[in-house]
Amino acid sequence: MNTILIEILGAIATILLAFTVGMLYGGARRKVIARIQNRVGPPIYQNFIDVVKLYSKETSIHHGWIQHMGPVFAITASITSLMFVPILTSGNWFSNLNFSGDLIFLIYMMVFGSLGMALGAGQTGNPNSAIGVSRGLSQMVGYEIPFVMSMVALMTQFHTTSITGMIELQAQSESWMMFSNPFAFIAAIMAMLGMFHYAPFDIVHAPAEVASGPVSEFGGKYLGMMMTSGSIFAFVKLTLFVDVFMGGASNLIELVIKTFALYMIPVLYGVINPRYRTEQAITYFWKWPAFFGLIGLVWAAFY
Amino acid sequence: MNSLIIILILVFGGAIISFVLNKFLPILLNSFVVLIMLAVSYFFFSIDAAVQLNFEIGGFHLQWGFTSAGYLFGIIVVVLGFLTLLYSTAYMNGKDNLGYFYMNFLFSIGAMLGILMSRDLISLFFFWEIMTWSSYLIVIYSGKDVDRRGLKYMIFSAIGAYSMLMAIVIVYSFIGSFLLEDIFTSIYAIGFGYQLAIAILLMIGFGVKTAIMPVHVWAPEAYAGSPMSFTALFSGALSKMGVFGFALVLFNLVSTQNWLINEVVAWLAAITAVLATFYAVIQTDAKKLLAYSSIAQLGYIIIGLASGTYLGVMAGLFLAVLHAVFKATLFMAVGAVERQVGTTDMTKVTGLIRRMPLTFIATLISIITLAGIPPLGGFVGKWMLYEALITSDHYYLVIMVFLSSTAAFLYSYRILFGMFLGQEEPEYANVKEAPLAMLIPMLVLSAISVFAGTFPGFIIEPIQKAMLVLGFENRIPNIEWYQLSVLFNSWGDKVVLQNIMISVMGVFLVGLAFITIKGYKNQRYVSTKDISSSGEVIQPEDNMTFQMDFYKPFERAIWPLLKRKIDDYYTDFGKGLEALFDFIRRFYSGNGQLYAIYVMAFLVLLLIAGTKYFGF
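As you go down the protein sequences, you meet chains E and P in turn. Taking the numbering used here, I'd label the letters of the first sequence as residues 1 to 303. Taking the numbering used here, I'd label the letters of the second sequence as residues 1 to 616.
This is how it looks when you write it as structure tokens:
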């Protein structure tokens, strides 16, 4: 009984950590973008204010039970993925379910949320939501290809599909994966640009075109839960990249430095870019990113 | 009496009786076919593995009896056969020619069981032909577009059958026996070229039924054109006969060392999977969409088998079982929509979720299984397939499979959104939920999909037995089926299914409770017309659902791949043949004098060249 209690406490601690870091990163992004555009920008804790406000608002309508469950699907996927990603290389606090799943499982689990969200958005009947979903799913086919290529390259190079195994092997070889297979790293980073849905790949939410797309009928507690889920999910993605490419992190400060450095790539790339058209956003990933992914695969085979 | 005979007599006798029954007592027909199938299931599940039947016809020694591989597929046929027949009783209600329909339905079930129990090539071929023509007769049941759809199916089936027949003749001329046992033991003695020819010819035969590229062109129309209750069986069980055949050829006829055949087959299947998925994405008719998706899913199964590793074969067979489960459910659900609404065109049907909630739930579960999302059964199969391919160094195949499965999310969403979500149409305000006889099979099959995600043991155990026949050792630890929840790949990495289920369900229930309890009292349902539409007021008769050209940008992105259909190549080939025959016909003008000239010319040719070349 005691062990179960400790595990649940550990899980809650992990969720709080992911939530806080993710929210702060979101605030930092707004600040960075504002400074680049020569504005003052909101304070870095603005997202906390927003999410508290959203949760305290009263939601008086819904469009049906699938819409009601959409945000729950999203947060289920975020938290479950979080449970399976190793946060720190040592210590027992954040280990959760790290040894119960591997990279393939994680790739699939990360899709679960967007599909659940898409279902919820579909039931609202708002045409903008459906357009956003259609764009989002199409774009997913784009960026999953280079991403999977680089992940398969890692798995074959290391002869393991487990993330904890990859961290261990990087520690043994005293070299980060981003140096021992640079092409896979480039492909994965380029795929990450699409994964974060920031400009120029913000076709799903595209405020000026589809009125923020799938979320357009969600307000109050629904939007609050989706923001929570989004920030946790951002943390999951960043931590996963740190784990497989940068040898993981031995303490929280190292983790924050590494994830923040990674996070700035899509943010800074987005600031200076306008938006792609949907088909451009798909085919973008099938050109250079996929090419680097292929080289990464060949590299891994001869490593 | 031998229970194999009882089963066959029951099915084939039942088929003929049901035809007669429809003439005299049509009321009893429905209950009769369901009872027949119940009896067949009873005898099938009480079969002893050792039951065999040997007899001689015309001097040929024939043998019947289920191997555990045949038994595995037999389970699919019997269970799915029973459920689809139950579904048919409601689905076919009020249609004409029911006797004809049920006769052919039972004939195909019987033929499939016959294929699975035959242990010699003669009976295999015999039952294969019964299966082909009985399914053909149902494909043309609706009477529409027969010359195109029916002809295509017939021509490709004939090509398959003749290739099989050729292979059988070659085998007999070398080995002198039709028994599979004899063939499997002595196939390695004959020359490699013939071995290859036999394998290729047989695989063409089986490939037609699995609808593998490039002999798949009959499938979309045949699947979409048959009554949905039969398509559920057609795609779920009948196409698995091809998989069964592939398993026999790949593991018992071609030695596993012969990696080239495996590689070629795997790549053909991978291309099939990717292209069929792309075609499924751009369909607007739900039936056609599912038909293409069937072709793609069978591609995964063949990839798994052709990878030739332990985990790969297990993945292939696991996906085969699951595909039967979820694709049958999907076809049934589409059939339910067709029956209740009148069309399956996704540009017309919208917002049925509140009208047909149970059908929606069955569809949702099957779609999640199809997409391979954890924690349902599809994930188990997908996971094994990926791990098998990665650990056996098939990197590029993995990418193909990933491409296809990611694109599968697109059509998965399309079918859910197209039929059930979106704005409600006043025209469909009075649509009722499907009758119980249609719902029960769908919900039972969905329950299997859910169950398989956490307790895959109940499917893996019969698969393990079947794999012993195919020449793999037993790697499942000796535990009860419900304890099997940890899957390993050959590098020792694992996935613990029960933990996944606990985590997903735990978070989901807490989240759901949280979001439901907060402000529960003050929340009310508003219609899907009451949305934020930037000031524009939506009238009740307007429908704003985004249905036309749903994946147009994606279509533009993949356009270079879709520009040319294989169908066109066949049409061109046909036209080329026509031109050739036209040309030849000029020589056979029917003019006697012209023929006389040919004869003279030939004689002159002989006189001139004869001494030189023929020595006279």
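Beta carbons are placed, not taken as given, at the ideal position from N, Cα and C, and that holds for glycine. As the structure is a prediction and not an experimental result, all values here were calculated from the model.
Query                                                                                                                                 : Result
Contact belief for THR76(E) with VAL507(P) at Cβ below 8 angstroms, rounded distance in angstroms                                     : 5 angstroms
Close Cβ partners of LEU468(P) (< 7 angstroms) along its chain, the five nearest in sequence each way excluded                        : SER68, ASN474
Reduced DSSP category for GLU425(P) - H, G, I as helix; E, B as strand; rest coil                                                     : coil
Near-chain P residues of the region 118-133 of chain E - C-beta to any C-beta below 7 angstroms                                       : ALA118, LEU119, GLY122, GLN123, THR124, GLY125, ASN126, PRO127, ALA130, ILE131, VAL133
Rounded separation between ALA407(P) and ILE145(E) - CA only                                                                          : 10 angstroms
Segment contact, 8 angstroms Cβ cut-off, at least three pairs: the region 309-320 of chain P with the region 328-340 of chain P       : no
Residues of the region 327-357 of chain P whose Cβ lies closer than 8 angstroms to any Cβ of chain E, in chain order                  : GLY351, ILE353, ARG354
Start-end ranges of the beta strand (DSSP E) lying completely within the region 1-51 of chain P, minimum 3 residues                   : none
The beta strand (DSSP E) enclosing ILE253(P), as first and last residue numbers                                                       : The residue asked about is misnamed: residue 253(P) is Leu in this sequence, not Ile. Segment: none, LEU253(P) is in no beta strand (DSSP E) and carries neither H nor E.
Amino acids of chain P, ordered along the chain, whose beta-carbon sits closer than 8 angstroms to that of SER138(E)                  : LEU410, TYR551, PRO553, PHE554, ALA557
For ILE131(E), the nearest candidate out of MET544(P), THR571(P), MET600(P) (CA to CA)                                                : MET544(P)
Own chain residues within Cβ distance below 6 angstroms of THR84(P), not counting five before or after                                : SER229, ALA232, LEU233
Members of the region 517-530 of chain P near chain E, C-beta cut-off 9 angstroms                                                     : LYS518, GLY519, ASN522, GLN523, ARG524, TYR525, VAL526, SER527, THR528, LYS529, ASP530
Cα-Cα separation between GLN123(E) and GLY165(E), rounded to whole angstroms                                                          : 41 angstroms
Distance CB(PHE318(P))-CB(ILE476(P)) smaller than 8 angstroms                                                                         : no
Helix, strand or coil at SER533(P) [DSSP, three-state]                                                                                : coil
Under 8 angstroms between C-beta atoms of PRO375(P) and ILE295(P)                                                                     : no
C-beta neighbour in chain P for LYS221(E), strict 8 angstroms                                                                         : yes
Option in SER533(P), THR516(P), ASP493(P) with minimal Cα separation from ASP542(P)                                                   : SER533(P)
Beta-carbon spacing of GLN242(P), PHE206(P) below 8 angstroms                                                                         : Residue identity check: residue 242(P) is Gly in the sequence provided, not Gln. For GLY242(P) and PHE206(P), yes; Cβs fall inside 8 angstroms.
Reduced DSSP secondary structure (H/G/I, E/B, other) of TYR525(P)                                                                     : strand
Boundaries of the alpha helix (DSSP H) in which LYS494(P) is found, first to last residue                                             : Run containing LYS494(P): none in the alpha helix (DSSP H); it sits in the beta strand (DSSP E), 494-496.
Under the three-state DSSP convention, the category TRP617(P) falls into                                                              : Only positions 1 to 616 of chain P appear in the structure, and residue 617(P) is not among them; the question remains open.
Nearest-angstrom Cα separation, counted from LEU268(P) out to GLY682(P)                                                               : In the structure as shown, chain P starts at 1 and stops at 616, and residue 682(P) therefore has no counterpart that could be examined.
Cut-off 6 angstroms between Cβ atoms - residues of its own chain near THR156(E), not counting five sequence neighbours on either side : ALA300
Segments of 4+ residues assigned as alpha helix (DSSP H) that fall wholly inside the region 438-520 of chain P                        : 457-469, 497-517
Beta-carbon proximity check, GLN63(P) vs ARG119(P), cutoff 8 angstroms                                                                : yes
Straight-line gap, TYR141(P) to ALA557(P) (C-alpha atoms, nearest Å)                                                                  : 38 angstroms
Cβ separation of GLU555(P) and ILE271(P), assumed to be a contact under 8 angstroms, to the nearest whole Å                           : Going by Cβ atoms, the distance from GLU555(P) to ILE271(P) rounds to 19 angstroms, so no, they are not a contact pair.
Identity of the residue in PHE241(E), ILE265(E), LYS221(E), GLY142(E) nearest LYS53(E) by Cα                                          : LYS221(E)
Enclosing beta strand (DSSP E) for PHE55(P) [first to last residue]                                                                   : 53-57
Cutoff 8 angstroms: PRO374(P) Cβ touching any chain E Cβ                                                                              : yes
Beta-carbon proximity check, VAL249(P) vs LEU202(P), cutoff 8 angstroms                                                               : yes
Alpha carbon of ILE257(E) to alpha carbon of LEU298(P), nearest angstrom                                                              : 46 angstroms
Start-to-end residues for the alpha helix (DSSP H) that takes in GLN139(E)                                                            : 127-158
Limits of the alpha helix (DSSP H) - the one that TRP65(E) falls within                                                               : 65-84
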